[in-house]
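Enquirer: In my numbering, the protein residues as written are 1 to 130.
We put the beta carbon where it would ideally sit given N, CA and C, even for glycine.
Since we're looking at a predicted model, the values are computed, not measured.
Shown next, in the form of structure tokens:
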């Protein structure tokens, strides 16, 4: 697997730990953690991450506002929203706000692997397509 780094932005320590464990099992090389929006921005500015896995419900700011902040910092930031809300309206709002993906809790190993694979697919240069 190509080296991939992920920043987990999640206020629930158990969910953060579970996601870290899953990412480690997949083979993610570098995993950062932030429990709120302000910490997430600070960590992202200090150290680049390929993927941000962002909980929508954070204690200090709305996840969609934080998504916009990541996109302002880096136009092509790869941000996947993670939430317990599986309503069509929430998914549509997330995607229209610029999210690169949407994962519903509780998530599976396969779903997290899909996120990593989707990121890697868009990183591959065109394979001789004319």
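#1: Going along the chain, which unbroken runs of the alpha helix (DSSP H) with 4 or more residues stay wholly within the stretch 15 to 73?
#2: Please determine if the stretch 87 to 107 and the stretch 57 to 72 are in contact, where contact requires at least 3 C-beta pairs separated by less than 8 Å.
#3: With residue 49 and residue 6 assumed to form a contact (beta carbons below 8 Å), what rounded beta-carbon distance in angstroms separates them?
#4: Going by alpha carbons, who is nearest to residue 99 out of 81, 114, 85 and 10?
#5: Per DSSP, residue 7 is paired with what?
#6: Could you give the first and the last residue of the continuous beta strand (DSSP E) run that contains residue 102?
#7: List the DSSP bridge partners of residue 79.
Expert: Straight from the coordinates:
#1: 37 to 46 and 63 to 73
#2: yes
#3: If you number the chain shown from 1, residue 49 lands on position 49. If you number the chain shown from 1, residue 6 lands on position 6. Yes, they are in contact, since the Cβ atoms of residue 49 and residue 6 sit about 6 Å apart, within 8 Å.
#4: For the purposes of this step, residue 99 is taken as the residue at position 99 of the chain shown. Among 81, 114, 85 and 10, the Cα nearest to that of residue 99 belongs to 81.
#5: The residue labelled residue 7 in the question sits at position 7 within the chain shown. The partner list for residue 7 (beta bridge, DSSP) reads 32 and 52.
#6: To locate residue 102, count along the chain shown from 1; it is residue 102. Run containing residue 102: 101 to 104, per the beta strand (DSSP E) assignment.
#7: Residue 79 sits at position 79 when you count from the first residue of the chain shown. Paired residues: 52.
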